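Trainee:
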Amino acid sequence: MAWQVPEDRKYTKTDEWIKVVEGDEALVGITDYAQDQLSDIVYVELPEVGESFSAGDVFGVVESVKAAADLNMPASGEVVAVNTELEDTPEIVNEDPFEKGWMIRVRLSDPSELDALLDAAAYAKQCEEHD
Amino acid sequence: MELKRTNLYDTHVKLGARMVPFAGWEMPVQYTSPLEEHATVRSAAGLFDIDHMGQVIVEGPDALDFLQYMVTSDPSTLAEWEASYSLLCYADGGTVDDIFIYRLPEYFYVVVNAANLAKDVKWLRAHTPGFDVTVTDVSEETYMLAFQGPKAQEVLQSICDVDLSNVPFHASARGRVAGVECLIGNTGYTGEYGYELFFDASQAETVWNAILEAGEPHGVKPIGLAARDSLRFEPCLPLYGHELNADISPLEAGLGFAVRTNKGDFIGRDALLKQRLEGPPRKLVCLEMVDRGVPREHYEVIVDGQKGVVTSGMFAPTVESYAAMALIPRELAEIGKEVEVVIRGKPRKARIVKRPFYIPAYRR
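Quick note, the sequences are listed as chains A and B, same order. 0 is the number of the first residue of the first sequence in numbering that gives the first Met the number 0; add one for each residue after it. 0 is the number of the first residue of the second sequence in numbering that gives the first Met the number 0; add one for each residue after it.
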């Protein structure tokens, strides 16, 4: 089984991705591996715009038919937008986890925190090992 | 404990199944997607490896008297080849297991939950003194498959030498499926019409492959445990360890139809009769979320300031709602009442709705 691991972003050990899109703003979502492990996603709970989280904080929950999984903040920051599409069509996360299935947009309080995250190669290796 | 594998383990892996531990077994939880598999059973038919389930033969001159004393239903009402849902209870009315009893010409054939097999056999044997009866666990040599859905009869008929139109709901027959001698029960656990097959464990692959092959043009697919759970959840069929356990009586779980307190003495009768007359302390209700959120097992339910608990909860795929079964104080169990389910520390609104979420095909 091979999962997509785009090289244009960073990854957490807990299967989230973060991609800087503009200045100090970044999108956050879960990986192809994560959506595959969860399988059919039926519910995504996201924070309010304006909430702030530190790296590692739980900012939301994703639930599949089988289980609920916490969403962990890859880096500290304030939520500036959430993907409201996921409210009625959470299955987008299964179909397109890296683009249409993004979850929150954050203003990073310290972009250098991203240096501590996994790059695509390291994350791809982790997926192989976990499988 | 080492996990057991069914004779179809390699077949499942080849089909791309994801294998998970369940009740001491390594079982397929999904082949493609639980939602797709769920829809397949509701609209066409699906094949389930449920060999983890246990089978016990109760035979001897006192077999009927013995079962009458052990179970809550009345097996004397079963004609030969008929089958019915039943329960084993403790003296206090708590549940040992929920079971299916087939009355066959030679003996009673009892199907039990995988996780409870050893406990059930021990419980049954502990009560045989005084009865001329033997209790034999035949689970090891018996294979069990379920084939469920609106297309199940047509597909099975094409590879079976019994006229299935002569086997009504909750009846059974012996015959050959793909040349393999089977006990065929018109029974199941999905809310659809379908069959459960029992046969020699060495023939598992033959029967499995024959059904998938015959079913292919009809859209028949293998189905994993995740869909098995959502399929049984929608029609509110109880799952032991969730809606039933040693602390939950069948009357609390809404299974009064299988409790015959007027049939004579049986283990648990006094306690169950008292509950029937006075009302059981709790009642299993159906909830649908009003606020957003997925209710899950063990979540707290608040009803008029009193507490209850979710026994099973999920996104119910056919009815497309976030739904739960929950045990709450009986006197508060009113259809339409608003309650709260505590989801990750936050109370979320839900409503008590009519049971079940999905009306089984055989009750329409």
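Positions of the beta carbon are idealized from the N, C-alpha and C atoms, including for glycine. Computed from a predicted model, the values in this text were never measured in an experiment.
1) Between the segment 61-72 of chain A and chain B, which residues of the former have CB atoms less than 7 Å from a CB of the latter, in chain order?
2) Have a look at A67(A), V60(A), D114(A) and A123(A) and flag the residue whose alpha-carbon is nearest the alpha-carbon of S75(A).
3) What first and last residue would you give for the beta strand (DSSP E) that runs through C235(B)?
4) What would DSSP say about A25(A), mapped onto helix, strand or coil?
5) Under a three-way DSSP split, which group does E79(B) fall into?
6) Determine whether the beta carbon atoms of E330(B) and R350(B) lie at a separation below 8 Å.
7) Mind pulling the chain B residues with CB within less than 9 Å of V78(A)?
8) Can you check DSSP and say which residues form a bridge with C181(B)?
9) Between which two residues does the beta strand (DSSP E) harbouring E184(A) extend?
10) Rank A66(A), D130(A) and V81(A) by C-alpha distance to the C-alpha of F58(A) and give the top, closest one.
11) Between L123(B), P221(B) and G45(B), which lies nearest to V55(B) when the distance is taken from Cα to Cα?
12) My assumption, with CB atoms under 8 Å, is that L155(B) sits in contact with Y188(B). Please give the rounded CB distance.
13) What is the DSSP secondary structure of I158(B), counted as helix, strand or coil?
14) DSSP three-state label for W157(A), please.
15) Could you name the residues of the segment 215-233 of chain B whose beta carbon sits closer than 7 Å to any beta carbon of chain A, in the order they occur along the chain?
16) CA-CA distance, V28(B) and E86(A)?
17) Mind listing, in chain order, the continuous beta strand (DSSP E) runs of no fewer than 3 residues lying wholly within the segment 65-109 of chain B?
18) For I139(B), count the other beta carbons within 10 Å of its own beta carbon; 16 or more makes it buried, fewer makes it exposed. Which is it?
19) Examine the Cβ distances between the segment 19-37 of chain A and the segment 87-94 of chain A and report whether three or more of them are shorter than 8 Å.
20) Counting contacts by CB-CB distance shorter than 8 Å, is M324(B) in contact with chain A?
21) So, for A270(B): in the same chain, excluding its five sequence neighbours on each side, which residues have a beta-carbon less than 6 Å away from its beta-carbon?
22) Determine whether the Cβ of M69(B) lies closer than 8 Å to any Cβ atom of chain A.
23) What residue does the beta strand (DSSP E) around S63(A) start on, and which one ends it?
24) Helix, strand or coil for Y32(A) per DSSP?
25) Can you list the residues of chain B that D39(A) reaches, using a CB-CB cut of under 7 Å?
26) Tell me the residue span of the beta strand (DSSP E) that contains E337(B).
Mentor: Inspection of the coordinates gives the following:
1) Result list: E62, V64, K65 and A67.
2) Taking only the C-alpha atoms, the option nearest S75(A) is D114(A).
3) For C235(B), no beta strand (DSSP E) segment is defined, and its DSSP state is neither H nor E.
4) If DSSP states are grouped into helix, strand and coil, A25(A) belongs with the strands.
5) Taken through DSSP and simplified to helix, strand or coil, E79(B) comes out as coil.
6) No, these two residues do not count as a Cβ contact at 8 Å.
7) Contact of V78(A) with chain B by beta-carbon distance below 9 Å is absent, the smallest such distance being about 18 Å.
8) Under DSSP, C181(B) shares a beta bridge with G174(B) and F198(B).
9) For chain A, the structure presents residues 0 to 130; residue 184(A) sits outside this window and is missing.
10) That would be V81(A), whose Cα lies nearest to the Cα of F58(A).
11) The closest CA to that of V55(B), considering only L123(B), P221(B) and G45(B), is found on L123(B).
12) Not quite, the Cβ-Cβ distance comes to about 17 Å (not below 8 Å), so this is no contact.
13) Coil.
14) An answer regarding residue 157(A) cannot be provided, because it is not within the stretch 0 to 130 covered by chain A.
15) Under the 7 Å Cβ criterion, the segment 215-233 of chain B contributes A225 and S229.
16) Looking at the two C-alpha atoms, the distance is approximately 26 Å.
17) Under the rule that a run must span 3 or more residues, the beta strand (DSSP E) segments found entirely inside the segment 65-109 of chain B read 82-88 and 94-102.
18) Looking at the sequence shown, residue 139(B) is not Ile but Glu. Answer is exposed; the Cβ neighbour count stays below 16.
19) By the Cβ criterion, the segment 19-37 of chain A is in contact with the segment 87-94 of chain A, since at least three pairs of Cβ atoms, one from each stretch, lie closer than 8 Å.
20) Closer than 8 Å: no.
21) So the list reads D91 and G92, once near-sequence residues are dropped.
22) Contact of M69(B) with chain A is not assigned, every C-beta pair being separated by 8 Å or more.
23) V57 to S63 is the extent of the beta strand (DSSP E) around S63(A).
24) Y32(A) falls in the helix class under three-state DSSP.
25) Contact note: D39(A) reaches chain B through S32, P33 and L34, using a C-beta cutoff of 7 Å and chain order.
26) Run containing E337(B): E337 to I342, per the beta strand (DSSP E) assignment.
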